[in-house]
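> Just passing along the structure, written as structure tokens.
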Amino acid sequence: MKDFLILVLLSATGPLYSPGLIVENVSNEKKKAQDDFTIPYMVYLKSTPEPCVGCLIHPQWVLTAAHCPLPIKIRLGVYQPSINNKKEQVQNYSLTMIHPDFDTNSLENDLMMIKLSKPVALNKYVGTIAIALEPISSNESCFIPTWTWNDYKNFSDPDILTWISQHPLSASDCQDVLQQEEEPKPKLNIMCVGQPLSLITKVKEVSAAPAICSGRLHGILTWAKAGYTLGNEGFFTEIYAYSRWIMKIMESY
Numbered sequence: 057m058k059d060f061l062i063l064v065l066l067s068a069t070g071p072l073y074s075p076g077l078i079v080e081n082v083s084n085e086k087k088k089a090q091d092d093f094t095i096p097y098m099v100y101l102k103s104t105p106e107p108c109v110g111c112l113i114h115p116q117w118v119l120t121a122a123h124c125p126l127p128i129k130i131r132l133g134v135y136q137p138s139i140n141n142k143k144e145q146v147q148n149y150s151l152t153m154i155h156p157d158f159d160t161n162s163l164e165n166d167l168m169m170i171k172l173s174k175p176v177a178l179n180k181y182v183g184t185i186a187i188a189l190e191p192i193s194s195n196e197s198c199f200i201p202t203w204t205w206n207d208y209k210n211f212s213d214p215d216i217l218t219w220i221s222q223h224p225l226s227a228s229d230c231q232d233v234l235q236q237e238e239e240p241k242p243k244l245n246i247m248c249v250g251q252p253l254s255l256i257t258k259v260k261e262v263s264a265a266p267a268i269c270s271g272r273l274h275g276i277l278t279w280a281k282a283g284y285t286l287g288n289e290g291f292f293t294e295i296y297a298y299s300r301w302i303m304k305i306m307e308s309y
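If you read the sequence shown in my numbering, its first letter stands for residue 57, the second for the next number, and so on.
The following block contains the structure:
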């Protein structure tokens, strides 16, 4: 088991397509078959009142944010959550592990591990992503995918897969931004992405989006300003700082 975990964590699996500009819609003319258009490591955590994004980091483990509600259904191989497709895998979970130092007020240490009831079947629609083991390099671009709603209604599933590529702020610039955030907000192990924008947008994004940098999971979105997939500010819990905790959980359970 231990050897397998190390292999999974050290072998990065990137998205099936290159990170691109914001995609708010896919035209009928250019739309691929939905069964063939997925980001393999993205996991749809259906829950109430709202869903979250998870990342498959092992065939039986999902990493997400601790602020997310527990899922009532776990779907993998999903392009459009509002529509089921034949390539999807649906799972239950047997265990959840919230970081022991998670603070519900400040959202510090905002990570949760979810153990699936059984290992998923890995294929071109469902795959793992390696976690970051060290800080992000300077000038590195990150790919940030999530799902959004065209027309948000309570308890509805989102219907659009959206993403953006962004360069995170430097550590010093990020700390300057964090000092300006209203308390309580975490100040340590946070990666800042985007710029403060005065946006009026109807876009509503699913929480806990991942930040994938150089093929590894570097961040899980903890909080953000509206329209972070349009370039607004997003604040991610840095994964590398918790890599030992993540590996210990998977080895122990």
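Using N, Cα and C, we set each Cβ at its ideal position, and we do this for glycine too.
Because the structure is a prediction, the values reported are computed rather than measured.
(1) For lysine 180 and valine 262, what's the separation of their Cα atoms in angstroms?
(2) Identify, in the order they occur along the chain, each residue of the same chain with its Cβ nearer than 6 Å to the Cβ of serine 308, setting aside the five sequence neighbours on each side.
(3) In the structure shown, what three-state DSSP assignment does leucine 163 receive?
(4) With a threshold of 16 other CB atoms inside 10 Å of the CB of aspartate 207, please say whether the residue is buried or exposed.
(5) Among residues of its own chain, excluding the 5 on either side of isoleucine 187, which ones have a beta-carbon nearer than 8 Å to its beta-carbon?
(6) In angstroms, rounded to a whole number, what distance separates the CA positions of glutamate 289 and isoleucine 154?
(7) Which runs of the alpha helix (DSSP H) fall wholly inside the region 218-274 and span at least 4 residues, in chain order?
(8) So, at 8 Å on beta carbons, what are the nonlocal neighbours of lysine 241 in its own chain, with the 5 sequence-adjacent residues on each side left out?
(9) Go ahead and pull the three-state DSSP assignment for serine 352.
(10) DSSP three-state label for glutamate 144, please.
(11) Since glutamate 307 is in the alpha helix (DSSP H), which residue starts that stretch and which ends it?
(12) Does the pairing of the region 168-184 with the region 246-257 give three or more beta-carbon distances under 8 Å?
(13) Helix, strand or coil for tyrosine 208? Go by DSSP, reduced to three states.
(14) Proline 127 and leucine 151 - do their beta-carbons sit closer together than 8 Å?
(15) How many Å lie between glycine 250 and glycine 287 at the Cα?
(16) Classify isoleucine 295 as helix, strand or coil using the three-state DSSP reduction.
(17) Under 8 Å, do cysteine 124 and alanine 264 count as touching if we go by C-beta distance?
(18) Would DSSP call threonine 184 helix, strand or coil?
(19) Across which residues does DSSP place proline 201 in a beta bridge pair?
(20) Taking the beta strand (DSSP E) that valine 118 belongs to, which residues open and close that run?
(21) Check leucine 286 in the structure and name its three-state DSSP category.
(22) As a quick exercise: from Val182, Trp203, Leu189 and Trp117, pick the residue whose alpha carbon is nearest that of tyrosine 284.
(23) In its own chain, which residues sit with a C-beta less than 8 Å from the C-beta of lysine 304, not counting the 5 before and 5 after it?
(24) Can you tell me which of Gly133, Pro252 and Pro191 puts its alpha carbon nearest to the alpha carbon of lysine 142?
(25) When burial is assigned at 16 or more other CB atoms within 10 Å of the CB, is phenylalanine 211 buried or exposed?
(26) By Cβ distance below 8 Å, which residues in the same chain neighbour lysine 281 in space, the five residues on each side in sequence not counted?
(27) Return the residue from the list Met169, Pro156 and Pro137 that minimises the CA-CA distance to tyrosine 149.
Reading it off the structure:
(1) As the crow flies, the alpha-carbon of lysine 180 is around 23 Å from that of valine 262.
(2) Once the five neighbours on either side are set aside, serine 308 has no close Cβ partner at all.
(3) Leucine 163 sits in coil when the DSSP states are folded into three classes, being neither helix nor strand.
(4) Exposed.
(5) Hits under 8 Å: Leu65, Ile113, Leu119, Arg272, Leu273, Ile295, Tyr296, Ser299 and Ile302.
(6) Note on geometry: alpha-carbon atoms of glutamate 289 and isoleucine 154 lie some 25 Å from one another.
(7) Taken in chain order, the complete alpha helix (DSSP H) segments of 4 residues or longer contained in the region 218-274 are 227-236.
(8) Only residues of its own chain outside the window of five on either side were considered, and among them Ser162, Leu163, Leu234, Trp279 and Phe291 have a CB closer than 8 Å to the CB of lysine 241, listed in chain order.
(9) Given that the chain is displayed from residue 57 to residue 309, the structure contains no residue 352 and the question cannot be resolved.
(10) Note: glutamate 144 maps to coil in three-state DSSP.
(11) Glutamate 307 -> alpha helix (DSSP H) spans 299-308.
(12) Counting Cβ pairs under 8 Å, fewer than three are found: no touch.
(13) In the structure shown, the three-state DSSP call for tyrosine 208 is coil.
(14) In this structure, proline 127 does not lie closer than 8 Å to leucine 151 by Cβ.
(15) So the alpha carbons of these two residues sit roughly 5 Å apart.
(16) DSSP places isoleucine 295 in the coil class of the three-state scheme, outside both helix and strand.
(17) Taking C-beta atoms as the reference points, cysteine 124 and alanine 264 count as a pair closer than 8 Å.
(18) Of the three classes helix, strand and coil, the one that applies to threonine 184 here is coil, per DSSP.
(19) Proline 201 has Trp219 as its beta-bridge partners, per DSSP.
(20) Residues 117-120.
(21) Helix, per DSSP.
(22) Trp203 is the residue among Val182, Trp203, Leu189 and Trp117 whose C-alpha sits nearest the C-alpha of tyrosine 284.
(23) Excluding sequence positions up to five before and after lysine 304, its CB lies less than 8 Å from no other CB in the same chain.
(24) When each option's Cα is compared against that of lysine 142, the closest is Gly133.
(25) A residue is called buried once 16 or more other Cβ atoms fall within 10 Å of its Cβ, and phenylalanine 211, having fewer, is exposed.
(26) Excluding residues up to 5 positions away in sequence, Gly250, Pro252, Leu253, Leu255, Asn288, Glu289 and Gly290 lie with their Cβ nearer than 8 Å to the Cβ of lysine 281 in the same chain.
(27) Of the candidates Met169, Pro156 and Pro137, the one whose C-alpha sits nearest the C-alpha of tyrosine 149 is Met169.
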